[in-house]
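Q: Pasting in a structure now, in structure tokens, and then I'll have a few things to ask.
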């Protein structure tokens, strides 16, 4: 009869020898059932939220501008089908509080087929129209459909059918904005610096620029977004090719690590140093090529984010700063190598041991694809739900007055019955215009809450998918370690078996751990949001407090991730609940703190170099391609708005792919190390209690040779 292992006297005591223990426990029961039930209910609520958002949302509200009648410009099957641009009657009204609060100008807006190309006031049009009837035909395209010529300016203000004046404009994300230019260092509009607004007031081009900035700052982000989408549609084939290259490089490095770990380590080192050196050299060339001179007036008076981005990359200080940053990174890597030179051998041995495990379990290299698919589903669902929630609501109309004050201004109104109310009589020229999308139902009152729910569910699901992968891989690699004869004693399909155990028995425990991490990340998001909203009102003390909070939450997140990862390994080994597994992992690591310090730092650094090298190689090739420096070898896309869009996509995408593959190695090494610590406590290397660890790994971690095994 097999002996039953006696329990330890306290959680902090080392484990005792158990002759029946041969790897991950097979007899298990469900753990953290309550958290599993909460997780399932939360997912069901998340699905219902997505359906609710799908019913009420309309993404067209983000893509198309809306006129004062609540209709989309350029929408097929409507009177505005051929009128794709939004025109503002009085752009000077776009500097009011309504623009800042509701992102909507408090002036009449109509859909037009083109923007005006000249200065023309309504009064001037009346005078010129007596000689040439074409002036009214030109002017009426910027009026309402029912507009008729009126005799006096008072009648025009009363009807509100036409603007008082039109200015030279250009379409900017389907909105007409003033077309500024610079002449002799002065900002002008159609060669003018002063003009009349049609109401008898003298205006300057600076006033018009400030009014236009109210529109541009709101829609500029959308403009960049559309141009980014255009760049993606142009370069998506090359992005896929680059990501495929990153996948092939990562796979190749993982295979080569098994045979040439030492050589590959130094290849990582010199490869990363070489790529950073190339970046330093390129920044130096750009720094010398830019002639330092005063910026032109159009840059000084430019509006919107895009102008500031262009200006950013045309400053000597930008390239000088980037050169200093890359140089500092190069120096830091060299210093780290000098201080870790005695521990490099430990990392190489661990990587070789991990390579053997992955060699016996090749399915582990396929698992990152499943993780990518699950993460892509989570990210896509979150993004689509967020868009539909943001576009939920019905058109809300408000009373708007072109000039002067009115007691009914900003009141809700109905455009169908508005002409028959007393408001037009009390406020001459008042109109019932579209203001924003919203509603008074319970659903619309809780849109912000639903967005928070969507964000938190996204964080929880992302962390759960990662936790599931870590637990499954830990179970598979633990089966490899605790096999005395490799590969004969390794069970069949260890990764599939470990994945099934994690889903069947430990969904609640994995949900518990990912829930804790999601809370920490949610608090980080809230702190960042409050900082952005209160940035202008902050003083030095508030900024210091915010920095402290960011630092504390960063440390807390790192600590929770570390404890969770080791807890998942213990769950894969013993099948206990999350709290007990976290406690056991913590005490085990504390009893082997010196070994943890040696292995964790060096292995992480080596794998980080591998990730940086993969993303660096792909990034250099992408940079040369998208900046047309390889046109003699291969012809890449030549009509990009921002070459850094596909470039950064490839760099970050390559890093994520490399991280997915190298995380398999990282999980393998951490699992082997945890099992090694358990092995040392359970066994003594004698014939009765032989070690499961290989002699090479045992000698470098304990500085002594194990007793030969029979």
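In the numbering used here, the protein residues as written are 525 to 1234.
The beta-carbon is built from N, C-alpha and C at its ideal position, and this holds for glycine as well.
#1: Could you tell me the boundaries of the alpha helix (DSSP H) in which residue 975 lies?
#2: Is it true that the region 1093-1113 meets the region 1179-1190, where meeting means three or more beta-carbon pairs spaced less than 8 Å apart?
#3: Secondary structure at residue 637, three-state DSSP: helix, strand or coil?
#4: Buried or exposed, going by whether 16 or more other CB atoms sit within 10 Å of the CB of residue 972?
#5: In whole angstroms, what is the alpha-carbon distance linking residue 828 and residue 1171?
#6: Under the rule that 16 or more other beta-carbon atoms within 10 Å means buried, what is residue 990, buried or exposed?
#7: Mapping the DSSP letters down to three states, classify residue 1008 as helix, strand or coil.
#8: Taking 7 Å as the limit between beta carbons, can you name the residues of its chain near residue 906, skipping five residues before and five after?
#9: Residue 595 and residue 611 - do their beta-carbons sit closer together than 8 Å?
#10: If we count the other Cβ atoms within 10 Å of its Cβ and call it buried at 16 or more, is residue 1195 buried or exposed?
#11: Please confirm whether residue 846 and residue 807 have their CB atoms less than 8 Å apart.
#12: Where does residue 1215 land, buried or exposed, given buried means 16+ other C-beta within 10 angstroms?
#13: Going by C-alpha to C-alpha distance, which of 1082, 578, 919 and 762 sits closest to residue 1175?
#14: Would you mind stating whether residue 1091 and residue 1037 have Cβ atoms separated by less than 8 Å?
#15: Less than 8 Å separating the beta-carbons of residue 1138 and residue 785?
#16: From the DSSP output, which residues share a beta bridge with residue 603?
#17: In chain order, which continuous runs of the alpha helix (DSSP H) of length 4 or greater are located wholly inside the region 758-822?
#18: Check for me: the beta strand (DSSP E) holding residue 865 runs from which residue to which?
#19: Pop quiz: residue 942 and residue 930 are said to be a contact at Cβ under 8 Å. What is the actual Cβ separation, rounded to whole angstroms?
#20: When you compare the CB positions of residue 921 and residue 938, do they come within less than 8 Å of one another, or not?
#21: Going by the C-beta, is residue 924 closer than 7 Å to any heavy atom of the ligand SAH?
#22: Between the region 908-919 and the region 1032-1047, are three or more C-beta pairs nearer than 8 Å?
#23: Going by other Cβ atoms of all chains shown within 10 Å of its Cβ, with 16 needed for buried, is residue 924 buried or exposed?
#24: With distances taken Cα to Cα, identify the nearest neighbour of residue 1114 among 1087, 562, 795 and 773.
#25: Rounded to the nearest angstrom, how far is the Cβ of residue 780 from that of residue 788, given a contact under 8 Å?
#26: Would you identify the three-state DSSP class for residue 830, choosing helix, strand or coil?
#27: Less than 6 Å between C-beta atoms, sequence neighbours within five positions excluded: which residues of the same chain meet that for residue 549?
#28: Taking residue 893 as the reference, give the member of 974, 993, 1218 and 809 with the closest Cα.
#29: Return helix, strand or coil for residue 939, following the three-state DSSP convention.
#30: To test your reading of the DSSP string, which unbroken alpha helix (DSSP H) runs of 4 or more residues are found completely within the region 844-925?
#31: Using only alpha-carbon positions, find the residue among 897, 684 and 653 that is nearest to residue 986.
#32: Take residue 1084 and list the residues in its own chain whose beta-carbon comes closer than 8 Å to its own, dropping the five residues that flank it on each side.
#33: Could you work out which residue in 1221, 692, 1134 and 1179 is closest to residue 795 when comparing CA atoms only?
#34: Does residue 694 come out as helix, strand or coil in the three-state DSSP assignment?
#35: Would you identify the three-state DSSP class for residue 543, choosing helix, strand or coil?
A: A quick look at the data gives this:
#1: 971-1005
#2: no
#3: coil
#4: exposed
#5: Low local confidence applies: a pLDDT of 45 at residue 828 is under 50, so the model's placement there is unreliable, and no value is given.
#6: buried
#7: coil
#8: 978 and 982
#9: no
#10: buried
#11: yes
#12: buried
#13: 762
#14: yes
#15: no
#16: Paired residues: none, contrary to the question.
#17: 785-813
#18: Per DSSP, residue 865 belongs to no beta strand (DSSP E) and is neither H nor E.
#19: That belief does not hold up - the Cβ atoms of residue 942 and residue 930 are roughly 13 Å apart, past 8 Å.
#20: yes
#21: Absence of the ligand SAH is noted for the structure shown, with no ligands found whatsoever.
#22: no
#23: buried
#24: 1087
#25: 5 Å
#26: Residue placement at residue 830 is flagged as unreliable, the pLDDT there being 48, under the threshold of 50; the coordinate-derived value follows with that caveat. It is helical.
#27: 1098 and 1099
#28: 993
#29: coil
#30: 868-884 and 891-914
#31: 897
#32: 1040, 1041 and 1044
#33: 1134
#34: strand
#35: coil
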